[in-house]
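Participant: Residue numbering for the sequence shown follows UniProt numbering, beginning at 1 and increasing consecutively.
One structure follows; several queries about it will come next.
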Amino acid sequence: MDRIKIVGGNELRGRIPISGAKNAALPLIIASLLTDDTLTLENVPHLADVEQLIRILGNHGVDHSVNGRREKQGELYARTINFSARNIVDTTAPYELVSKMRASFWVVGPLLARMGEARVSLPGGCAIGTRPVDLFIDGLQALGAAIDVESGYVIATARNRLRGNRYVFPKVSVGATHVLMMAATLARGETVLENAAREPEVVNLADCLNAMGAKVSGAGTSTITIEGVESLSGARHRVIPDRIETGTYAMAVAMTGGDVLLEGARPELLQSALDVLAKTGAEITPTNEGIRVKRNGAGITPVDVVTEPFPGFPTDLQAQFMALMTMAKGKSHITETIFENRFMHVQELARLGAHISLSGQTAVIDGVSRLRGAPVMATDLRASVSLVIAGLAAEGETIVNRVYHLDRGFERLEEKLSNCGAQIERLSS
Ligand SMILES: CC(=O)N[C@H]1[C@@H](OP(=O)(O)OP(=O)(O)OC[C@H]2O[C@@H](n3ccc(=O)[nH]c3=O)[C@H](O)[C@@H]2O)O[C@H](CO)[C@@H](O)[C@@H]1O
Ligand SMILES: C=C(OP(=O)(O)O)C(=O)O
1 MDRIKIVGGN ELRGRIPISG AKNAALPLII ASLLTDDTLT LENVPHLADV EQLIRILGNH
61 GVDHSVNGRR EKQGELYART INFSARNIVD TTAPYELVSK MRASFWVVGP LLARMGEARV
121 SLPGGCAIGT RPVDLFIDGL QALGAAIDVE SGYVIATARN RLRGNRYVFP KVSVGATHVL
181 MMAATLARGE TVLENAAREP EVVNLADCLN AMGAKVSGAG TSTITIEGVE SLSGARHRVI
241 PDRIETGTYA MAVAMTGGDV LLEGARPELL QSALDVLAKT GAEITPTNEG IRVKRNGAGI
301 TPVDVVTEPF PGFPTDLQAQ FMALMTMAKG KSHITETIFE NRFMHVQELA RLGAHISLSG
361 QTAVIDGVSR LRGAPVMATD LRASVSLVIA GLAAEGETIV NRVYHLDRGF ERLEEKLSNC
421 GAQIERLSS
């Protein structure tokens, strides 16, 4: 299994190109199931989750072709991928494929809306909480679907087309918002989703659906209205830059010190996180090319954060921010409100010398003046990258095990960081 070796202590200086967002690309790829025309997606990142989803869609009969730029002998990046779901040959998404990734469950919406049936395994994904699917089931039932859960599969049918309805989410859910929005595009009549997720990825999906001929309004607010249409067409659409990757590298610079331009990053996608970073003492400057992050000399000021749905501080940056706070000049509190088990990085950061105690859903971090490298291991994607950030600032060598978590969500991580002066390499075994 591959590992990442980091020798910490170098400042980061240079430019980091921000990739297309994993969490935007995944629902957009799934939206290709809604039409028998070609959906062309630009700026699709090369990530394990994307490749896995393409395999899952292939199983349903979706063809794809890839174009992109190639750097040296490496993989294609900044890819444009054409998806064609002309013939859907199978409406079952099997356990072997779906159990590896949460978002693959979302095929349930388009398959049901277009084919009138879907049989989808209950999902897997990052081990950060129980992650039930009750809101998907409730919401699809509100649109007229009949749903059974049998032997680990959700079996959904809507023989006479889904029917538009009003559905109020009892809790904000990004995934359930994506799925109900996609399903409602082909339903009979109007659907109104209230207490919907307002994440930029929801807006990106709504824009794509509208380019395909859907009638979606209000995405980005908590009320989304969808007027169902008979069918959708093909379109060409661009994946937004990854706000979590942006925030991750911004926190890395805030931690190591230095000066980096995050190319192509868009500040409005992560304003709350940038505001918090500015309070820690980092200098954040939006430019025509992206976001410039700088920290020279001065130490890191402790700041308290609470994770919240967008536009609040994102749970997907909680672990990275905790890494930064381990070296702050004093005590900070981080409260996780989205997932009940998203503190797996705490004990690993402690291996590097961090002082963190847990009190329910709040971590209390007592900043230390230095971290020391150590072998560490993480159980999920963002926790893994928090260990990379800490390793970049720690003295000596850090080995991060279970790199496959990182490969799910960070494109060319070692290359992007080493181009800015980090000593980081992948050890293949
Ligand atoms: C691929 C992708 O985009 N993943 C993101 C998505 O995950 P995902 O879409 O899975 O997250 P949700 O927004 O659905 O989860 C929010 C909360 O709602 C709960 N819930 C969700 C659905 C449901 O049926 N019942 C229920 O109780 C979840 O357990 C969690 O406590 O949004 C999360 C919250 O911003 C991010 O951390 C993930 O990176
Ligand atoms: C939790 C994440 O992904 P997933 O929802 O696919 O598990 C993430 O991207 O941080």
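Heads up, the beta-carbon is just placed ideally off N, CA and C, and yes, glycines get one too.
If you're wondering where the values come from, they're calculated on a predicted model, not measured in any experiment.
Using the Cα positions of S151 and E340, report the straight-line distance between them to the nearest angstrom.
Facilitator: If I take the Cα positions, the gap works out to 26 Å.
Participant: Less than 8 Å between the CB of K22 and some heavy atom of ligand 2, yes or no?
Facilitator: Flag set: Cβ of K22 near ligand 2.
Participant: I need the straight-line Cα distance from A363 to I137, nearest angstrom please.
Facilitator: So the two alpha carbons sit approximately 33 Å from each other.
Participant: When every heavy atom of ligand 2 is checked, does at least one fall within less than 8 Å of the C-beta of R382?
Facilitator: Yes, since a heavy atom of ligand 2 falls inside the 8 Å radius drawn around the Cβ of R382.
Participant: What did DSSP end up calling I224 once you bin it into helix, strand or coil?
Facilitator: Three-state DSSP puts I224 in a strand.
Participant: If I'm right that A378 touches R342 with Cβ under 8 Å, what's the distance once you round it to whole angstroms?
Facilitator: The Cβ separation is near 12 Å, so there is no contact.
Participant: Please identify the residue among G139, Q52, E308 whose C-alpha is closest to the C-alpha of G124.
Facilitator: Of the listed residues, the one whose Cα sits closest to G124 is Q52.
Participant: Run through DSSP, which three-state label would P241 get?
Facilitator: Strand, per DSSP.
Participant: If you reduce the DSSP assignment to three classes, tell me which class N82 lands in.
Facilitator: The answer is strand: DSSP assigns N82 an E or B state.
Participant: If I226 and K215 are in contact, beta carbons under 8 Å, what's the gap, nearest whole angstrom?
Facilitator: Contact holds; Cβ gap of about 7 Å.
Participant: So, with DSSP's three-state summary, where would you put S418?
Facilitator: Of the three classes helix, strand and coil, the one that applies to S418 here is helix, per DSSP.
Participant: Look at the Cβ atom of T177, then the Cβ atom of E199, and state whether they are nearer than 9 Å.
Facilitator: Yes, these two residues count as a Cβ contact at 9 Å.
Participant: With respect to the alpha helix (DSSP H) encompassing K171, which residues constitute its N-terminal and C-terminal limits?
Facilitator: K171 -> no alpha helix (DSSP H), and no H or E assigned at all.
Participant: Does P200 come out as helix, strand or coil in the three-state DSSP assignment?
Facilitator: DSSP places P200 in helix when its eight states are reduced to three.
Participant: Does residue 447 pass the burial test, meaning 16 or more other C-beta atoms within 10 Å, or should it be called exposed?
Facilitator: Nothing about residue 447 can be reported from this structure: the residues present for the chain run from 1 to 429 only.
Participant: Terminal residues of the continuous beta strand (DSSP E) containing K215?
Facilitator: Residues 215–217.
Participant: Tell me which residues share the same chain as V174 and place their Cβ nearer than 6 Å to its Cβ, disregarding the 5 neighbours each side in the sequence.
Facilitator: A197, E199.
Participant: With distances taken Cα to Cα, identify the nearest neighbour of V154 among A146, V120, V50, T185.
Facilitator: When only C-alpha atoms are compared, the closest one is V120.
Participant: Does the beta-carbon distance from A21 to I365 come in below 9 Å?
Facilitator: Not closer than 9 Å, so no.
Participant: Using the rule of at least 16 other Cβ atoms within 10 Å of the residue's Cβ for burial, across every protein chain shown, is Q347 buried or exposed?
Facilitator: Its Cβ having fewer than 16 others within 10 Å, Q347 is exposed.
Participant: Quick check on the burial criterion: 16 or more other C-beta atoms within 10 angstroms. Buried or exposed for R412?
Facilitator: Classification of R412: buried, given that the 10 Å Cβ count is 16 or more.
Participant: Buried or exposed for Y404, going by 16 or more other Cβ atoms inside 10 Å?
Facilitator: Exposed: under 16 other Cβ atoms inside 10 Å.
Participant: Any chance the CB of D407 is under 8 Å from a heavy atom of ligand 2?
Facilitator: Because no heavy atom of ligand 2 lies under 8 Å away, the Cβ of D407 does not count as near it: no.
Participant: How about I54: is its Cβ closer than 8 Å to a heavy atom in ligand 2?
Facilitator: Flag unset: Cβ of I54 not near ligand 2.
Participant: Do you know offhand how far A393's Cα is from R3's?
Facilitator: Rounded to whole angstroms, A393 to R3 spans 18 Å at the Cα level.
Participant: Could you tell me which uninterrupted beta strand (DSSP E) segments, each at least 3 residues in length, are contained entirely in the stretch 308–357, listed from first to last along the chain?
Facilitator: You should have 331–335.
Participant: According to DSSP, which residues form a beta bridge with S359?
Facilitator: Its beta-bridge partners are T362.
Participant: Could you tell me whether the stretch 89–107 touches the stretch 43–63, using the rule of 3 or more Cβ pairs below 8 Å?
Facilitator: Enough Cβ pairs lie closer than 8 Å, so yes.
Participant: How long is the line joining the alpha carbons of D316 and L406, rounded to whole angstroms?
Facilitator: The straight-line gap from Cα to Cα measures roughly 13 Å.
Participant: Shortest alpha-carbon distance to R15 belongs to which of K294, E268, V108, G189?
Facilitator: R15 has its Cα closest to that of K294, out of K294, E268, V108, G189.
Participant: Which residues in the same chain as I81 place their Cβ atom closer than 6 Å to its Cβ, once the five residues preceding and following it in sequence are excluded?
Facilitator: The answer, listed in chain order, is L41, V44, H64, V66.
Participant: Measuring alpha carbon to alpha carbon, tell me which of A298, L358, R408 ends up nearest L381.
Facilitator: Here the closest residue by C-alpha is R408.
Participant: Have a look at R188, G129, E289, T191 and flag the residue whose alpha-carbon is nearest the alpha-carbon of E263.
Facilitator: Nearest option by C-alpha distance: E289.
Participant: Leaving out five residues before and five after K5 in sequence, what residues of the same chain have Cβ atoms less than 6 Å from its Cβ?
Facilitator: Excluding sequence neighbours, K5 sits near I399, E425, L427.
Participant: Might you give, ordered along the chain, the residues of its own chain that have their beta carbon closer than 6 Å to the beta carbon of G258, omitting 5 neighbours on each side?
Facilitator: Closer than 6 Å at Cβ, skipping near neighbours: E11, L12, R13.
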